[in-house]
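These notes are about the structure you will find just below.
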Amino acid sequence: MNSRFRWAICRTYPKALLPTVACLWLLASLMAWSSAHAGSDRNDHDRARQAVAAGLVLPLPVVLERLQKEMPGQVLEVELEREREAWIYEIKLLTPAGQLSKVKVDARTGVPMEPRRRDDRPLRRAEDNAARP
63 MNSRFRWAIC
73 RTYPKALLPT
83 VACLWLLASL
93 MAWSSAHAGS
103 DRNDHDRARQ
113 AVAAGLVLPL
123 PVVLERLQKE
133 MPGQVLEVEL
143 EREREAWIYE
153 IKLLTPAGQL
163 SKVKVDARTG
173 VPMEPRRRDD
183 RPLRRAEDNA
193 ARP
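So the mapping is simple: the numbering used here equals the position in the sequence shown, first residue as 1, plus 62.
In structure tokens, the structure reads:
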């Protein structure tokens, strides 16, 4: 192999590897990020289970049953969060009228806090709607 041909291969070889190296670096970064966040999700579930076991939080089925009596609708998403030293269930539901609403419920008592519609206006409760002519 002549020296000129070898020099040409050496000069172009790093440029050819650049996309491959970039893809490998991106893949490694994504794997590291996903494994770090998977652990935090697991910790959230563990904290929620511990709170229920300690009696700090009502179980979700109990809370949902109480909520359905006050505000009927299809539950779309539930999150258990800690706000100012209090456990709060954030529940997104689709009302029978087709409105998307987010309801915060005190996780210790199961009592709904002020419900809000997606446009941030107060949501009328079922008994409020029944009282309207």
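We put the beta carbon where it would ideally sit given N, CA and C, even for glycine.
These numbers come from a predicted model, not from an experiment.
Residue span of the beta strand (DSSP E) that contains residue i, given as start and end
i, result
"Val125", "Where Val125 is concerned, there is no enclosing beta strand (DSSP E), although the alpha helix (DSSP H) it sits in stretches over 122–132."
"Ala116", "Premise fails: Ala116 is in no beta strand (DSSP E) and is neither H nor E."
Cβ neighbours of residue i in the same chain (closer than 7 Å, five flanking residues each side left out)
i, result
"Gln136", "Leu155, Leu156"
Three-way DSSP call (helix, strand, coil) for residue i in this model
i, result
"Ala169", "coil"
"Arg144", "strand"
Contact set for residue i: own chain, Cβ-Cβ below 8 Å, skip 5 residues either direction
i, result
"Ala110", "Val119, Leu142"
Same chain, Cβ closer than 6 Å to residue i, five either side skipped, listed in chain order
i, result
"Lys166", "Ile150, Glu152, Met175"
"Leu122", "none"
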